[in-house]
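Chains as they are written, first to last, in UniProt numbering: chain A, 1 to 188; chain B, 1 to 188.
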């Protein structure tokens with residue numbers, strides 16, 4: 001499996017990759033435990049600070065690692081990784097080494113202890129920003145503190161989950177309406 | 001513009017249409033004021049009750065109508081509506097009649113006063129469920145109390161926003177991995 005060559009990316013612009021609503025892989029580490037989970041329930045919340053909210057169910061082992069460490073990495077898989085995404089969703093930590101079992105390569109992050117996933121198109125290092133809704137809704141508000149994004153292609157073919165084992169893939173049909181937008185609605 | 005023939009849909013299954021992360025049109029009504037806004041920052045939070053979180057910036061006129069009425073409708077436009085989606089994003093209530101100016105047809109909802117948008121593929125009637133993060137993040141947690149979904153096609157071509165005036169369209173490439181999922185992860 002190819003790993004993507006990534007560059008640092010402005011954290012205030014991660015909406016480019018998260019707002020379209022892809023399935024992501026959350027990687028986490030606490031003490032000597034590492035996990036990966038699939039996630040489709042997330043929302044951008046703010047540009048700067050770069051905030052993302054994630055609903056991480058308590059049945060996931062990752063929930064504990066992220067709650068205890070206050071950190072995770074949001075990784076963006078492309079459609080080629082669909083079989084591993086399904087396998088990760090089917091397996092449960094800590095019995096399974098999610099990296100080894102799925103032939104995924106952990107990479108050292110810069111700002112957090114949780115590892116990046118080399119085979120993903122992008123990786124966003126996150127620190128817990130607000131836990132106000134963790135007890136009531138398992139909803140974690142993270143700040144993206146460092147972003148790594150592949151330089152090619154510009155619009156990756158991402159996976160989007162509809163339930164019942166069915167994904168849709170996105171990225172092939174691009175609709176550019178930039179000229180129709182009010183200038184103040186576009187990024188400088 | 002065609003209007004979709006819709007049927008009642010189970011509220012606990014709206015993730016099928018919202019989890020993939022489409023741009024939606026929020027319609028709202030308070031007293032004699034009606035508005036529509038575009039929204040890309042949303043996340044499913046729970047199956048039952050059917051909860052959806054939406055980050056509705058205070059600069060939107062809709063924010064006031066939704067905050068005061070405690071209601072809205074989440075409508076799902078397909079790619080054919082891209083020009084109206086852009087026009088709605090460019091305009092600001094209450095100066096503009098968003099329905100009239102965009103040739104959209106309001107329909108009476110069943111459980112809320114906010115109108116459905118007939119030209120959208122699906123409409124989800126929502127009541128404010130928890131305002132705990134409204135002051136701090138403009139994040140509204142809604143319960144979907146009634147869902148109306150078109151019967152055809154099963155996977156609509158939705159719009160997904162990447163910023164900078166550029167959308168991607170989804171729905172043409174379906175990846176079915178149902179046979180690979182653990183049975184307990186699939187809906188009954």
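All C-beta atoms, glycine included, are put in the ideal place defined by N, C-alpha and C.
{"Query": "Separation of residue 124(B) from residue 135(B), as counted between CA atoms", "Result": "24 Å"}
{"Query": "First through last residue of the beta strand (DSSP E) which encompasses residue 160(A)", "Result": "158-161"}
{"Query": "C-beta neighbour in chain B for residue 181(A), strict 8 Å", "Result": "yes"}
{"Query": "Buried/exposed call for residue 35(A), threshold 16 Cβ in 10 Å", "Result": "buried"}
{"Query": "With 16 other Cβ atoms within 10 Å as the buried cut-off, status of residue 174(A)", "Result": "exposed"}
{"Query": "Neighbourhood of residue 181(A) by C-beta distance below 8 Å, restricted to the same chain and skipping five residues each side", "Result": "none"}
{"Query": "Anticipated Cβ contact below 8 Å, residue 91(B) with residue 65(B), distance rounded", "Result": "In fact, because the Cβ distance is near 15 Å, the residues do not count as touching under 8 Å."}
{"Query": "CA nearest to the CA of residue 153(A), picked from 13(A), 12(A) and 17(A)", "Result": "17(A)"}
{"Query": "Per-residue contacts from residue 168(A) into chain B (C-beta, under 9 Å)", "Result": "20, 155, 158, 170, 171, 172, 173, 174 and 175"}
{"Query": "Span separating the alpha-carbon of residue 58(A) from that of residue 186(A)", "Result": "38 Å"}
{"Query": "Residues that residue 53(B) bridges to, as DSSP identifies them", "Result": "43(B) and 141(B)"}
{"Query": "Assigned exposure category for residue 50(A) - 16 Cβ within 10 Å defines buried", "Result": "buried"}
{"Query": "Minimum Cβ-Cβ distance from residue 37(A) to chain B less than 8 Å", "Result": "no"}
{"Query": "Beta-carbon proximity of residue 19(A) to residue 2(A), cut-off 8 Å", "Result": "no"}
{"Query": "Within-8 Å CB hit, residue 43(B) to chain A", "Result": "yes"}
{"Query": "CB contact below 8 Å: residue 185(A) versus chain E", "Result": "Looking for chain E here will not work: the only protein chains present are A and B."}
{"Query": "Within 8 Å, strictly: CB atoms of residue 146(B) and residue 110(B)", "Result": "yes"}
{"Query": "Interface partners of residue 40(A) on chain B, CB under 7 Å", "Result": "19"}
{"Query": "Residues, ordered as in the chain, of the region 83-111 of chain B that lie near chain A by beta-carbon distance below 7 Å", "Result": "86, 89 and 90"}
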